[in-house]
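Asks: Going by this note's numbering, the letters in the sequence shown line up with residues 1040 to 1164, in that order.
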Amino acid sequence: MRLLLDSHVLLWSLADSPELRRELKQEIKDPGNDVMVSAASVWEIAIKKRLGKLDAPDDLLEAIEACDFTALSITVVHAMAAASLPRHHDDPFDRMLIAQAQSEGLLLVTRDRHFTTYEVEVLRA
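1) Which same chain residues, not among the five before or five after residue 1058, have their C-beta less than 7 Å away from its C-beta?
2) I need the boundaries of the beta strand (DSSP E) containing residue 1110, first residue and last residue.
3) Taking all protein chains shown into account, do 16 or more other C-beta atoms lie within 10 angstroms of the C-beta of residue 1097, making it buried, or fewer, making it exposed?
4) When you compare only the Cα positions, how much space is there between residue 1157 and residue 1043?
5) Is residue 1075 buried or exposed, if buried means 16 or more other CB atoms sit within 10 Å of its CB?
6) Since residue 1134 is in the alpha helix (DSSP H), which residue starts that stretch and which ends it?
7) Would a C-beta distance cut-off of 8 Å place residue 1138 and residue 1150 closer than the cut-off?
8) Quick check: the stretch 1083-1095 against the stretch 1061-1072, are at least 3 beta-carbon pairs closer than 8 Å?
9) Where do the N-terminal and C-terminal ends of the beta strand (DSSP E) with residue 1162 fall, by residue?
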């Protein structure tokens, strides 16, 4: 499977949080799966951490690398796809994740119910 982690799922995974179902933890750790982290999630986490709205590792990039997650850059194709999405949800970071999942054929791992209003495959966290 090719998974794209939503920001909260990334943080839960890094913290080995009980918020994540055991089965999902296994899928994320399975070396046969390609687990991706979007630049949009790293950007969102860094902004919210700096504003004091979020607790996140100080060594976020190193933590992501230690888990062997694949970094997913934002391309112009992703930007155009995000801009063309219907306005079901106005969070720009979430809209980018949806566009990336659609464009790259990824399974989006999230607990956010807004994602189901889009044509994107979702794995419920």
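Each residue gets a CB set at the ideal place from its N, CA and C atoms; glycine is no exception.
Quick caveat, the model's predicted, so the values are computed rather than measured.
Replies: Inspection of the coordinates gives the following:
1) Residue 1058 sits at position 19 when you count from the first residue of the sequence shown. Beyond the five residues adjoining it in sequence on each side, residue 1058 comes within less than 7 Å, by CB distance, of 1051 in the same chain, given in chain order.
2) The residue labelled residue 1110 in the question sits at position 71 within the sequence shown. Note, residue 1110: beta strand (DSSP E), 1109-1111.
3) Looking up residue 1097 in the sequence shown gives position 58. Exposed, by the Cβ-count rule.
4) Here residue 1157 refers to the residue found at position 118 when the sequence shown is read from its first residue. Here residue 1043 refers to the residue found at position 4 when the sequence shown is read from its first residue. The alpha-carbon separation between residue 1157 and residue 1043 amounts to approximately 15 Å.
5) What you label residue 1075 is simply residue 36 of the sequence shown in a count that begins at 1. Residue 1075 comes out buried.
6) On the sequence shown, residue 1134 is found 95 positions in, with the first residue counted as 1. DSSP places residue 1134 in the uninterrupted alpha helix (DSSP H) bounded by 1131-1143.
7) As a first step, residue 1138 is located in the sequence shown; it is residue number 99 there, counting from the start. As a first step, residue 1150 is located in the sequence shown; it is residue number 111 there, counting from the start. In this structure, the beta-carbon distance from residue 1138 to residue 1150 does not fall below 8 Å.
8) Verdict: no, contact absent.
9) Here residue 1162 corresponds to residue number 123 of the sequence shown, with the count starting at 1. Under the DSSP assignment, residue 1162 falls in the beta strand (DSSP E) whose first and last residues are 1161-1163.
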